[in-house]
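From first to last, the protein sequence lines stand for chains A and B. Mapping of the first sequence onto my numbering: residues 3 to 335, in sequence order. Mapping of the second sequence onto my numbering: residues 17 to 292, in sequence order. Note that the Cβ used here is the ideal one computed from N, Cα and C, for glycine as well. Have a look at the structure below, then the notes.
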Amino acid sequence: MGKIELVGVQKSFGATDVIKDVNLTVEDGTFVVFVGPSGCGKSTLLRMIAGLEDVSGGIIRIDGLDVVKLPPAKRSLSMVFQSYALYPHMSVRGNIGFGLKMAGLPKPEIARKVDAAAAILNLTPYLDRRPRELSGGQRQRVAIGRAIVREPKGFLFDEPLSNLDAALRVQMRIEIAKLQSTLGTTTIYVTHDQVEAMTMADKIVVLNAGQVAQVGSPLELYDRPDNLFVAGFIGSPKMNFVTGNPAASRGATTIGARPEHITASATSGEWQGTVAVAEHVGSDTFLYVDVEGMGELTVRAIGELRLEVGSKVFLTPDPARIHRFDANGKAMR
Amino acid sequence: MAIQASTSSKVVATVAAWLVGFVIFFPILWMVLTSFKSELDAFAIPPKFLFFHWTTENYGIVQSRSDYFGHALNSIILSFGSTLLGLIVAIPAAWAMAFAPSKRTRGTLMWMLSTKMMPPVGVLVPIYLLFRDSNLLDTRGGLIFIEFMGNLPIIVWMLYTYFKEIPKDILEASRMDGATIGKELFYVLAPMAVPGIASTILLNIILAWNEAFWTLNLTTVHAAPLTMFIASYSSPEGLFWAKLSAASTLAIAPILVLGWFSQKQLVRGLTFGAVK
């Protein structure tokens, strides 16, 4: 079991509030991703759950028990750090087994558990090596091994993949997701990469300036963003926002249309513009179109569409997938 | 592309390095040579470099006239004792300042260092009176205490600098793994800081071994270390350069041997963290 609840959690550094009244429930066994731009407080929130950062106000419960006053070790959570934070003077075996040793487990049991964790992570041949003799991906696996071996109530990941190259990142992303679903352990994963968030999460928590902007499944956030911030943050390339007449005619202050929900045509359409940049990435073509009175809109067109820079183009948003926002940036439904 | 040094510039650099090394080493060499001279040869003008009558009589006289081993034992007790005491206090202090700094940490560090800017003679009278009234004059305990206090700022500063090099994440990871502060210090921080701690120990043993101001002023016989042993030969009654040199050579010999065997560790410690 590992249900994590945050009730009115706050954090201030001096006069600056970094976390403002966060309320959140992470159900047992779910994979939750905290995502947001840098400085939004997602790492701080994770470290508060871990116990590495004091809480200025509010309650954090793990399985119903308030842990705010408990030191990190007593919270039965384990954490994977961005820098891996392996113990450089210990072998892989020593690194993975350190938590068990601290818990005072007998040696044979530690050895058995370390071997089991190493087998899951394909680390068996490296057990006697030092961290400096391992590649980045292997180090990452050791850090994960150290987390799973203690069979905690929850895993906390703090941007674990940001030090890896792109190919390895995708591979590790899949491995972590697989591992989590095999073990069924509650996981909170912090990232600034919305692709990681979309692909791994059962539930995404979008944070903005120390507050929860929206909580939901990846597709909920994509299809029904609550506010301008989430609408702009989730989805790549970004959603286009239009104010003024086109918005007013639909009864909103701002309307949003994702690049993939706008149809480009050479002959007819609702809005008219000129192509400023055309990016051909094979499967898709991204057009950056200057539309008079509306600014630059991004449009995803099918790869075959050949539109030269400077040529006229007509754009039509899919009326069913236009997002409307009021003057406060809240979604109108 | 790496810059290739030409052979001639390498030769010049090597010669220059040896020259500088020799200049630095020369007083020690001269002292050792003088210790093997007769008193007459010792102040001969022009000085005799290698061609003199080699004799070990000075060493015999020095040992028979004053107790070398007694002084040496005091030096060992003083330098190791004050360093050990220093480490016991400085490791937790440096840990706290490196990993749990407050807004006053910087100020505290500077304040600690500032005590080293004051000339010791400025507090000689009060310290002397305190020692006299507490019956600490000419005691090993009193001397260990004053050396420990004198070198503590340096120990704290050195350890603080080494500890700062250790990524905080690793200590936090050990906390997540359930290590208490004591276990964190013992299993994680100390092993990672071994080179730094080792060079701190060495430097402080050397500093305490060579410290002359307090040892000369606060001891006479019982707690007198080797500095006192040397000083007893710089007498106003006559020139005993050869004996003084013999005494000095005997006094620095142990620390020279220690330094020689630990030079690898020392250099590694002094450049610790320079290369990741």
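According to DSSP, is residue i helix, strand or coil?
{"i": "A:Gln274", "result": "strand"}
{"i": "A:Met92", "result": "coil"}
{"i": "B:His69", "result": "coil"}
{"i": "A:Ala215", "result": "strand"}
{"i": "A:Glu153", "result": "coil"}
{"i": "A:Ala266", "result": "strand"}
{"i": "A:Leu123", "result": "coil"}
{"i": "B:Glu181", "result": "coil"}
{"i": "A:Thr201", "result": "helix"}
{"i": "A:Arg7", "result": "Note that residue 7 of chain A is Glu in the sequence shown, not Arg. Correct three-state label for A:Glu7: strand."}
{"i": "B:Ser25", "result": "helix"}
{"i": "A:Gly101", "result": "helix"}
{"i": "B:Tyr176", "result": "helix"}
{"i": "B:Phe42", "result": "helix"}
{"i": "A:Gly138", "result": "helix"}
{"i": "A:Ser14", "result": "strand"}
{"i": "A:Leu67", "result": "strand"}
{"i": "A:Arg302", "result": "strand"}
{"i": "B:Phe59", "result": "coil"}
{"i": "A:Phe159", "result": "strand"}
Taking 7 Å as the CB-CB limit, is residue i close to chain A?
{"i": "B:Val291", "result": "Unreliable placement is indicated for B:Val291, whose pLDDT of 38 sits below 50; the coordinate value is still reported in the next sentence. So no, B:Val291 is outside the interface."}
{"i": "B:Pro207", "result": "yes"}
{"i": "B:Phe288", "result": "Note that B:Phe288 scores 49 on pLDDT, short of 50, meaning its location in the model is unreliable; the coordinates nonetheless yield the value given after this. False, the Cβ-Cβ gap to chain A never drops below 7 Å."}
For the alpha helix (DSSP H) containing residue i, list its first residue and its last residue.
{"i": "B:Leu89", "result": "Tyr84 to Phe115"}
{"i": "A:Pro321", "result": "No alpha helix (DSSP H) holds A:Pro321; DSSP gives it neither H nor E."}
{"i": "A:Asp225", "result": "Pro220 to Asp225"}
{"i": "B:Lys259", "result": "Trp257 to Phe277"}
{"i": "B:Met133", "result": "Here B:Met133 belongs to no alpha helix (DSSP H), and DSSP marks it neither H nor E."}
{"i": "A:Met81", "result": "Where A:Met81 is concerned, there is no enclosing alpha helix (DSSP H), although the beta strand (DSSP E) it sits in stretches over Leu79 to Val82."}
{"i": "A:Ala179", "result": "Ala168 to Leu185"}
Can you find a C-beta in chain B that's less than 7 Å from the C-beta of residue i?
{"i": "A:Ser285", "result": "no"}
{"i": "A:Ser1", "result": "There is simply no residue 1 of chain A to check, as chain A begins at 3 and stops at 335 in what is shown."}
{"i": "A:Leu72", "result": "no"}
{"i": "A:Leu54", "result": "yes"}
{"i": "A:Met104", "result": "yes"}
{"i": "A:Ala120", "result": "no"}
{"i": "A:Ala113", "result": "no"}
{"i": "A:Ser85", "result": "yes"}
{"i": "A:Met202", "result": "no"}
{"i": "A:Ser80", "result": "yes"}
{"i": "A:Ala259", "result": "no"}
{"i": "A:Ala17", "result": "no"}
{"i": "A:Ala333", "result": "no"}
{"i": "A:Ile176", "result": "no"}
{"i": "A:Ala329", "result": "no"}
{"i": "A:Ala169", "result": "no"}
{"i": "A:Ala215", "result": "no"}
{"i": "A:Ala75", "result": "yes"}
What do you reckon, are the CB atoms on residue i and residue j nearer than 7 Å?
{"i": "B:Ala247", "j": "B:Leu223", "result": "no"}
{"i": "A:Ala322", "j": "A:Ala266", "result": "no"}
{"i": "B:Ser82", "j": "B:Phe245", "result": "yes"}
{"i": "A:Leu48", "j": "A:Leu125", "result": "no"}
{"i": "B:Leu175", "j": "B:Ala110", "result": "yes"}
{"i": "A:Gly139", "j": "A:Leu102", "result": "no"}
{"i": "B:Pro270", "j": "B:Asn90", "result": "no"}
{"i": "A:Asp23", "j": "A:Gly10", "result": "yes"}
{"i": "A:Val208", "j": "A:Glu161", "result": "no"}
{"i": "A:Gly275", "j": "A:Val315", "result": "yes"}
{"i": "A:Leu317", "j": "A:Gly271", "result": "yes"}
{"i": "A:Tyr89", "j": "A:Ala145", "result": "no"}
{"i": "A:Thr32", "j": "A:Asp204", "result": "yes"}
{"i": "A:Ile6", "j": "A:Lys13", "result": "no"}
{"i": "A:Ala215", "j": "A:Phe231", "result": "yes"}
{"i": "A:Gly147", "j": "A:Gly4", "result": "no"}
{"i": "A:Arg335", "j": "A:Ile257", "result": "no"}
Grab the span of the beta strand (DSSP E) containing residue i for me, first residue to last.
{"i": "A:Asn210", "result": "Lys205 to Asn210"}
{"i": "A:Ala247", "result": "Before going further, note that residue 247 of chain A is Asn rather than Ala in the sequence given. Unbroken run through A:Asn247 is the alpha helix (DSSP H), Asn247 to Ala250; no beta strand (DSSP E)."}
{"i": "A:Ala233", "result": "A:Ala233 -> not in any beta strand (DSSP E); alpha helix (DSSP H) instead, spanning Leu230 to Phe235."}
{"i": "B:Tyr144", "result": "Here B:Tyr144 belongs to no beta strand (DSSP E); instead the alpha helix (DSSP H) covers Leu140 to Asp149."}
{"i": "A:Ile64", "result": "Gly59 to Ile64"}
{"i": "A:Leu26", "result": "Thr18 to Val28"}
{"i": "A:Thr188", "result": "Thr188 to Thr193"}
Requested in this report: Please list the residues of the stretch 172-197 of chain B that have a C-beta atom closer than 8 Å to any C-beta atom in chain A, keeping them in chain order.
Outcome: Flagged, chain order: Pro183, Asp185, Ile186, Glu188, Ala189, Ser190, Arg191, Met192, Asp193, Gly194, Ala195 and Thr196.
Query - Residues in the stretch 90-102 of chain A having any Cβ partner in chain B nearer than 7 Å - result: Identification of residues in the stretch 90-102 of chain A having a C-beta nearer than 7 Å to some C-beta of chain B yields Pro90, His91, Phe100 and Gly101, given in sequence order.
Requested in this report: Pull out every residue of the stretch 21-51 of chain B whose Cβ sits closer than 8 Å to any Cβ of chain A, in chain order.
Outcome: Flagged: no residues at all.
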